Amino acid sequence: MNNAAPALALRDVSKRYKAKPDPALSGVSFEVRRGETVGLLGPNGAGKTTLLKICNTLLHPTEGSVRIFGLDVVKQSAEARAKIGLVTCDERSFYWRLTGRQNLEFFGSLYGLRGARLRERAQELLEALDLAEAADRHYQGYSSGMKQRLAIARGLLSEPDLIFYDEPTRSLDPMHAQQIRAWIERRRADAPGQTHILATNQLSEAEQLCDRVLIINRGRLIAHGTIREIRESFNAQDSEISVIDFRGALPDHVKPDASRGLYELQVSPGEDACHTIRVRAARGGEALSALLRDLLAAGGVVVRCSTSQSSFDEIFCSLVEASNAQRLAAPAEARA
């Protein structure tokens, strides 16, 4: 293993399927440093699962390269596979009529574990994931939370240096989801050299667990960095204005206009000629100030104006929407 290499490195990775006109992945490049926990975010169908499959040697990229600790996942797949673990919530991949212990021992044998070491490793993980008391119960009798903890145990059988999680809290109730997140946090603290890649649709989960996030949409990487960095690069702020005493209707030009820095604008008429205007405007204040001047010039009296920071959920949606708009505006040959 190359001790100087990043835990994961992608270079211009693309994946195309013959039956689909658009690529599942297109020119994706990024690196993950050793010991990091990185979130992989994107709407359904963005390409997250395809990306995980390529990184876990389950699919070959059409173009580009993927390296795990310097090992090429295509040319050195066996060596790369020995360094990684995959946690997936797919219950069908377990044997329902076997016990939790039997499942772990079966999958452990596929990793080359044998005899006493296999039994010891299975027991270690059952205890670590709080499954020891249920170890000899059939998998089909496990709760959703127990099944997911067993999936984590399976992903750790080979003592991997890099762990991929494919939506580890999907379909779990809030209590069981929090248990899984707490376990991941403990694992990060107990094994600081281990690297974690977390694919999730739960943005709050990424905020809680991840050092950095990667956002992909329609197979392309559209944003990356710490959540703070993404917030700071997002050139918009939300405001709510209450205005009364109009002589007539709102001015025609009080509407969304990106050229003026007004990205979104909604007007809700209320009682006593009071309008509530919710606006997303460019940061810095100039666009909002111009809007306020227009309202005053139209005879309005501004009784309240408050601004707030956009939530990460709102920023995520705006980035995806902007990516979709850019793609639709691009020539067809540029979308491939």
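First residue of the sequence shown: -18, per this note's numbering; consecutive thereafter. Here a beta-carbon is modelled for each residue, glycine too, at the ideal position from N, C-alpha and C. Please read these numbers as outputs of a predicted model, since none were measured by experiment.
Query	Result
Proximal residues to Lys236 (C-beta, below 8 Å), its chain only, five neighbours per side dropped	Leu243 and Leu246
Beta-carbon proximity list for Gln218, same chain, < 6 Å, skipping 5 on both sides	Arg264 and Thr288
Given 8 Å, three or more beta-carbon pairs between the segment 68 to 75 and the segment 108 to 116	no
Close Cβ partners of Ser10 (< 6 Å) along its chain, the five nearest in sequence each way excluded	Leu(-9), Arg(-8) and Asp(-7)
Residue burial classification, Gln175 (beta-carbon count within 10 angstroms, cutoff 16)	buried
Candidates Asp275, Ile222, Arg98 and Arg261: closest to Pro250 by CA position	Ile222
Which listed residue (Gly280, Leu(-11) and Ala262) has its alpha carbon closest to that of Ser291	Ala262
As assigned by DSSP and simplified to three states, the class of Leu179	strand
Euclidean distance between Cα positions of Leu91 and Leu6	30 Å
Leu94 versus Ala134: straight-line alpha-carbon distance, rounded	14 Å
Contact under 8 Å by Cβ, Phe50 with Lys29	no
Straight-line Cα distance separating Glu295 from Leu272	22 Å
Close-in-space but distant-in-sequence residues of the same chain around Ala204 (CB under 7 Å, 5 per side omitted)	Ile196, Ile211 and Leu300
Which of helix, strand or coil DSSP assigns to Glu148	coil
Residue environment, Ser304, which counts as buried when at least 16 other CB atoms sit within 10 Å	buried
Beta-ladder partner(s) of Asp238, from DSSP	Leu243
The segment 36 to 43 / the segment 182 to 193 touching (three or more Cβ pairs under 8 Å)	no
Beta bridge counterpart(s) of Cys286 as assigned by DSSP	Ile222
Outcome for Pro141 when other beta-carbon atoms lying within 10 angstroms are tallied against a minimum of 16	buried
Spatial neighbours of Pro24 in its chain, beta-carbon cut-off 7 Å, leaving aside the 5 residues before and after	Asn198 and Val301
Bridge partners - Thr323, DSSP secondary structure assignment	Residue 323 is absent from the model: the chain starts at -18 and stops at 317.
Collapsed DSSP secondary structure at Lys(-4) in the structure displayed	strand
Three-pair Cβ contact test at 8 Å for the segment 137 to 154 versus the segment 93 to 107	yes
Span separating the alpha-carbon of Thr150 from that of Gln129	8 Å
Contained beta strand (DSSP E) runs [length at least 3] in the segment 45 to 121, N- to C-terminal order	65 to 69
Assigned exposure category for Gly280 - 16 Cβ within 10 Å defines buried	exposed
Contact check, Arg193 vs Glu17, beta carbons under 8 Å	yes
Distance between beta carbons of Glu166 and Cys70, contact taken as under 8 Å	That belief does not hold up - the Cβ atoms of Cys70 and Glu166 are roughly 19 Å apart, past 8 Å.
Cβ-Cβ distance between Ala268 and Arg241 below 8 Å	yes
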